[in-house]
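Q: Sharing a structure with you now.
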């Protein structure tokens, strides 16, 4: 009797497998020691804050929670650590001192620059086999799946 192995073709499994490959390649490009043990999540948050500051948007913890689909406790702990590492600063909002707006510090800007480099490299590596139309379709499908969660 011959074994006929059928690889798992579930979409969630394939996405997780792709995520593992992406993380492995990111870790090959990123030395955490350079940035005081900053996590990849710190890098993504720095990138998000930079983009929002470019649009002159004021960002609060709730915005970080929504962007990354994380709960309040996780966001609070992460932002506190980022503040200790001097990646961000939190200041009282002029209209409501209970709200703390989040801004990048110079060290956070450096982390954002590294994030841009890594994103470009990863995009090149993982999409080299795709046409522009396929890339757009893949993004569209990912956005649609995210809206469905």
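Residue numbers (the numbering used here): 1 to 149. For each residue, glycine too, the CB sits at the ideal point set by N, CA and C. Just so you know, these numbers come straight off a predicted model, no measurement behind them.
Is it the case that the Cβ atoms of residue 88 and residue 70 are separated by a distance below 8 Å?
A: The residue labelled residue 88 in the question sits at position 88 within the chain shown. The residue labelled residue 70 in the question sits at position 70 within the chain shown. It is not a contact, given that the beta carbons lie outside the stated cut-off.
Q: Tell me which residue opens and which closes the beta strand (DSSP E) that residue 99 is part of.
A: As a working note, residue 99 is residue 99 in the chain shown. Per DSSP, residue 99 belongs to the beta strand (DSSP E) from 96-104.
Q: Can you have a look at residue 13 and say buried or exposed, based on whether 16 or more other CB atoms are within 10 angstroms of its CB?
A: Looking up residue 13 in the chain shown gives position 13. Classification of residue 13: exposed, given that the 10 Å Cβ count is below 16.
Q: Could you check the C-alpha separation between residue 142 and residue 149 for me, to the nearest Å?
A: In the chain shown, the residue the question calls residue 142 occupies position 142. In the chain shown, the residue the question calls residue 149 occupies position 149. So the alpha carbons of these two residues sit roughly 11 Å apart.
Q: If we count Cβ pairs, one from each stretch, closer than 8 Å, do we get three or more for the region 130-140 versus the region 107-117?
A: No, they do not touch.
Q: With a threshold of 8 Å between beta-carbons, can residue 7 be considered close to chain D, or not?
A: Looking for chain D here will not work: only one protein chain is present.
Q: Going by DSSP in three states, residue 92 sits in which element: helix, strand or coil?
A: As a working note, residue 92 is residue 92 in the chain shown. Residue 92 falls in the strand class under three-state DSSP.
Q: Could you tell me the distance, in whole angstroms, from the CA atom of residue 43 to the CA atom of residue 94?
A: Counted from its first residue, the chain shown places residue 43 at position 43. Counted from its first residue, the chain shown places residue 94 at position 94. If I take the Cα positions, the gap works out to 27 Å.
Q: Are the CB atoms of residue 86 and residue 107 nearer to each other than 8 Å?
A: In the chain shown, residue 86 corresponds to position 86, counting from 1. In the chain shown, residue 107 corresponds to position 107, counting from 1. Contact: yes.
Q: Can you grab the Cα-Cα spacing for the pair residue 136 / residue 18, in whole Å?
A: Here the question's residue 136 lines up with position 136 in the chain shown. Here the question's residue 18 lines up with position 18 in the chain shown. Cα to Cα, residue 136 sits roughly 17 Å from residue 18.
Q: If you follow the alpha helix (DSSP H) that residue 15 is in, where does it begin and where does it stop?
A: Taking the first residue of the chain shown as 1, we reach residue 15 at position 15. Counting along the chain, the alpha helix (DSSP H) containing residue 15 begins and ends at 11-29.
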